[in-house]
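Q: My questions all concern the structure below.
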Amino acid sequence: MIPLGHYLIVSAILFAVGSAGVFMRRNLITILLSIEVMLNAVNLTFVAFGRHAGVVDGQIIVAFVMTVAAAEAAVGLAIVVALFRHRESLNPDAFTSLKW
Amino acid sequence: MLVVIAQIVIILIAFVMLLNTAAIMVWVERKVCALIQQREGPTRVGPYGLFQPLADVIKLIMKEELRPKSADAILFTLAPIISCVAAFAAFAPVPFGAETTFFGLLDRPVGLQVADINVGMLAVFAISSMGVYGIVLAGWSSNSKYSLLGALRSSAQMISYELSYGTALAGVVLIAGSLSLREVVNGQEGAWLGVLPKWYLFLQPVGFLIFMIAGIAETNRAPFDFPEAEQELVAGYFTEYSSMRFAMFYMAEYINMATVSAMATTLFLGGWHGPFLPPEYGWIWFLIKVGFLMFVYVWIRWTLPRYRYDQLMQFGWKWLLPASVVNLLVTAAGVLYVHG
Amino acid sequence: MGETLLFYAFSGAAIVASAMVIFQRNPMYSVLLLVASFGMISGLYVQLDAPFIAVTQIVVYAGALMVLFLYAVMLLNRPNEDAGDWDAAHPLKEPGMARIGVGLGALLVVQLVYALLRTGRLDEAVGTGGDGGSVRAIGRTMFQDYAFAFEATSVLILVALVGGVYLANREDGR
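Protein sequence lines, in the order shown, are assigned to chains A, B and C.
The first sequence begins at 6 in my numbering and counts up by one.
The second sequence begins at -7 in my numbering and counts up by one.
The third sequence begins at 725 in my numbering and counts up by one.
This is the structure in structure tokens:
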């Protein structure tokens, strides 16, 4: 069997990759994708800890995280599409004015 | 050891059967279409044109592999492969026969099934929902407006009808109390009053209808074949494809039909259970039921005209989804009443 | 043995795919690589004996959410967005900046690993059967102990639905 620590390390690396993506990329869609990577890393930790403790709560929280991720992506992408209509750009630096 | 060999044999049988389904269905489709339109259909190649699929395959292999200059090379190649793999893999958890020892050859019985997963029903649902990537990627990578329109339509259509499809599944899950397809089939053994088979079809008639309608939409068959819609979009998402890549999309379509029919058989029509035959030969019943449902598919295709796209979306969201939710609620109330 | 190999294969592929997601110029490829990464993480869930979450991961993330992203990418039709069209004087454009980003990411890995590895009992194996993976147990707990959270989630989805439609449909005139 795989020890708990291995799962945690994988999850840590995935989370760091996701956060690096948020910092480094200048494309709203890729930034949203990086957030999904981070959410998945957290999910993996939840399931690993839950299975380790022998309770189902970890998996239930993951189900809720998935719902929140779906809601976030739906609203986020709608905002991206609306912004793109105004500025013809996906670069977050293009959206500097509060009003146009 | 023998058990392992038997399982490999079962996997091979399932694979070859699915491959053959595509070939047989090409012939059946053309013959049934001809009958409905009072024509003869293929007659030249072999008796009753039975070798027509073979001729088609040879023709497709000989054809040139075309790729548009501005197409995305990697995704263009990947798309038909994804379609095909998803279609084949989705069949894996479907059981097609009772547990058997192959006439006493094995020391312990094995189920006629590629993989017995305890969340099998959801697994079929999940893997077949991967098929949408093949279509979307084909449409996007071809860099053609017809393909892109077909892909956009199909992704919207498949996501919309997946909801009703999943909700129809949930009704069966409530009654059967299990997500394992083998247990669902075992729950349908026997008959009420010795006559009426204990199929979930009779407990879930609305669910079955919704499942079949959503299944037709999921497999992009007429009257919901918008992704291709040859009158408007040339051939939809595979406009730019030729030769074997085209054939792979074609094969994926027929295999998806087989999977939906097999799922409907398993969930609603009692799987391999049936009268007259001993349980070891239950797979014959399974084949008969799946064959009949696939005939219905072809029958519907050549009988009904295509909807308009907005009608499809209206029907999916305003009628089918509410109907499936009501069906689920009624089922839940019934289950609660019976089991207390 | 086979299990360990599978674990390394799944986790290695997941990490490589995720890293390629963020270093990819074309969002189309990013989305597809992320789907691959989700598939690999789903494999890890199977190893953790959590089949329900594994399948839900595929249905929700790969089957629905990522199709939504693909849809957005196709609709916007600006695949290679951030190649060079942003302000040349932007501080992030400095040559060393990407390396600092990678460095910060590496630092985060070190911190997280350090923090997580202090939780103790790390050598114990996980995913050893029991009732913790069954759909029945999950359903019981979700609809008894977490019933309020479940209902709140449905409100959240409704809000997201209305918000999404409103935001994407804001300009009727165009």
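Think of the CB as a built atom: it goes at the ideal place given N, C-alpha and C, for glycine as much as any other residue.
Using the Cα positions of residue 23 of chain B and residue 110 of chain B, report the straight-line distance between them to the nearest angstrom.
A: Near 40 Å, if we compare the C-alpha coordinates of residue 110 of chain B and residue 23 of chain B.
Q: In whole angstroms, give me the CA-to-CA distance for residue 28 of chain A and residue 35 of chain A.
A: Computed Cα separation, rounded: 11 Å.
Q: On the CB-based measure, 16 or more other CB atoms within 10 Å of its CB, does residue 297 of chain B come out buried or exposed?
A: Looking at its Cβ environment, which holds fewer than 16 other Cβ atoms inside 10 Å, residue 297 of chain B is exposed.
Q: Check whether the Cβ atoms of residue 246 of chain B and residue 14 of chain B sit closer than 7 Å, and answer yes or no.
A: Going by C-beta atoms, residue 246 of chain B is nearer than 7 Å to residue 14 of chain B.
Q: Check the Cβ of residue 80 of chain A against every Cβ in chain C and list those closer than 8 Å, keeping chain order.
A: By Cβ distance, chain C contributes 884, 887, 888 and 891.
Q: Quick check on the DSSP output: the beta strand (DSSP E) that includes residue 102 of chain B runs from which residue to which?
A: Unbroken beta strand (DSSP E) run through residue 102 of chain B: 102 to 104.
Q: Considering just the uninterrupted stretch of the beta strand (DSSP E) at residue 21 of chain B, what are its terminal residues?
A: Here residue 21 of chain B belongs to no beta strand (DSSP E); instead the alpha helix (DSSP H) covers -6 to 28.
Q: Pop quiz: residue 203 of chain B and residue 304 of chain B are said to be a contact at Cβ under 8 Å. What is the actual Cβ separation, rounded to whole angstroms?
A: Incorrect: roughly 17 Å between the Cβ atoms, too far for contact.
Q: Compile a chain-ordered list of the residues in the stretch 16 to 45 of chain A whose CB is closer than 8 Å to at least one CB of chain C.
A: Correct list: 16, 17, 18, 19, 20, 21, 22, 23, 24, 25, 26, 28, 29, 30, 31, 32, 34, 35, 37, 38, 39, 41, 42 and 45.
Q: Determine whether the Cβ of residue 115 of chain B lies closer than 7 Å to any Cβ atom of chain C.
A: Closer than 7 Å: yes.
Q: When you compare the CB positions of residue 173 of chain B and residue 112 of chain B, do they come within less than 7 Å of one another, or not?
A: Cβ distance < 7 Å, so residue 173 of chain B and residue 112 of chain B count as in contact.
Q: Any beta-carbon of chain A closer than 7 Å to the one on residue 746 of chain C?
A: Judged by the 7 Å Cβ criterion, residue 746 of chain C is in contact with chain A.
Q: Quick check: does the Cβ of residue 66 of chain B come within less than 6 Å of any heavy atom belonging to the ligand SAM?
A: Inclusion of the ligand SAM in the displayed structure is not the case, the ligand content being empty and no account of it being possible.
Q: Taking residue 727 of chain C as part of the alpha helix (DSSP H), name the residues at either end of that continuous run.
A: Residues 726 to 747.
Q: Assuming residue 265 of chain B contacts residue 181 of chain B under a Cβ cut-off of 8 Å, what Cβ separation, rounded to an integer in Å, is found between them?
A: Residue 265 of chain B to residue 181 of chain B, Cβ: 5 Å. Contact.
Q: Would you mind reading off the limits of the beta strand (DSSP E) that contains residue 90 of chain B?
A: It spans 89 to 92 - the beta strand (DSSP E) in which residue 90 of chain B sits, taken as one unbroken run.
Q: Which full runs of the alpha helix (DSSP H) of 4+ residues lie inside the stretch 91 to 174 of chain B, going along the chain?
A: Counting only runs of 4 or more, we get 112 to 121, 123 to 133 and 137 to 168.
Q: Checking contacts by CB at 7 Å: is residue 73 of chain B closer than that to chain C?
A: For residue 73 of chain B, the answer is no, since every Cβ of chain C falls outside 7 Å of its Cβ.
Q: Does any CB atom of chain C fall closer than 7 Å to the CB of residue 13 of chain A?
A: Interface residue, yes.
Q: Compute the distance between the beta-carbons of residue 22 of chain A and residue 743 of chain C, then report whether it is under 7 Å.
A: Cβ distance < 7 Å, so residue 22 of chain A and residue 743 of chain C count as in contact.
Q: Can you give the beta carbon distance from residue 323 of chain B to residue 166 of chain B, rounded, assuming they're within the 8 Å contact cut?
A: Contact holds; Cβ gap of about 5 Å.
Q: From which residue to which residue does the alpha helix (DSSP H) around residue 11 of chain A run?
A: Start and end: 9 to 29.
Q: Tell me where the alpha helix (DSSP H) around residue 874 of chain C begins and ends.
A: Counting along the chain, the alpha helix (DSSP H) containing residue 874 of chain C begins and ends at 871 to 892.
Q: Measure the beta-carbon distance from residue 760 of chain C to residue 741 of chain C and round it to whole angstroms, keeping in mind my assumption that it falls under 8 Å.
A: At roughly 5 Å, the Cβ-Cβ gap stays under 8 Å, so residue 760 of chain C and residue 741 of chain C are in contact.
Q: How would you list, in chain order, the residues of chain C whose beta-carbon sits under 9 Å from the beta-carbon of residue 144 of chain B?
A: Near residue 144 of chain B (Cβ distances below 9 Å), the residues of chain C are 795, 798 and 799.
Q: Measure from the C-beta of residue 758 of chain C to each C-beta in chain A and report whether the shortest distance is under 7 Å.
A: Closer than 7 Å: yes.
Q: Quick one: is residue 54 of chain B buried, meaning 16 or more other Cβ sit within 10 Å of its Cβ, or exposed?
A: The residue is exposed, with fewer than 16 neighbouring Cβ atoms inside 10 Å.
Q: Could you give the first and the last residue of the continuous alpha helix (DSSP H) run that contains residue 276 of chain B?
A: Residue 276 of chain B -> alpha helix (DSSP H) spans 274 to 295.
Q: Does chain A have any CB closer than 7 Å to the CB of residue 777 of chain C?
A: So yes, residue 777 of chain C belongs to the interface.
Q: Name, please, each residue of chain A whose Cβ falls closer than 7 Å to the Cβ of residue 765 of chain C.
A: Ordered by position in chain A, the residues that pass the 7 Å Cβ test against residue 765 of chain C are 45 and 49.
Q: Within the 7 Å Cβ cut-off, does residue 725 of chain C reach chain A?
A: No, no contact with chain A.
Q: How many angstroms separate the CA atom of residue 754 of chain C from the CA atom of residue 889 of chain C?
A: Cα-Cα distance, rounded: 25 Å.
Q: Just the Cα atoms here: how many angstroms apart are residue 207 of chain B and residue 285 of chain B?
A: Rounded to whole angstroms, residue 207 of chain B to residue 285 of chain B spans 11 Å at the Cα level.
Q: How should residue 61 of chain B be labelled, buried or exposed, when 16 other C-beta atoms within 10 angstroms of its C-beta is the threshold for buried?
A: Exposed: under 16 other Cβ atoms inside 10 Å.
Q: Within the same chain, show all residues whose beta-carbon is closer than 6 Å to that of residue 786 of chain C, passing over the 5 residues directly before and after it, in chain order.
A: So the list reads 759 and 762, once near-sequence residues are dropped.
Q: Determine the direct distance from the alpha carbon of residue 119 of chain B to that of residue 326 of chain B, and round the result to whole angstroms.
A: Each residue's Cα considered, the two are about 31 Å apart.
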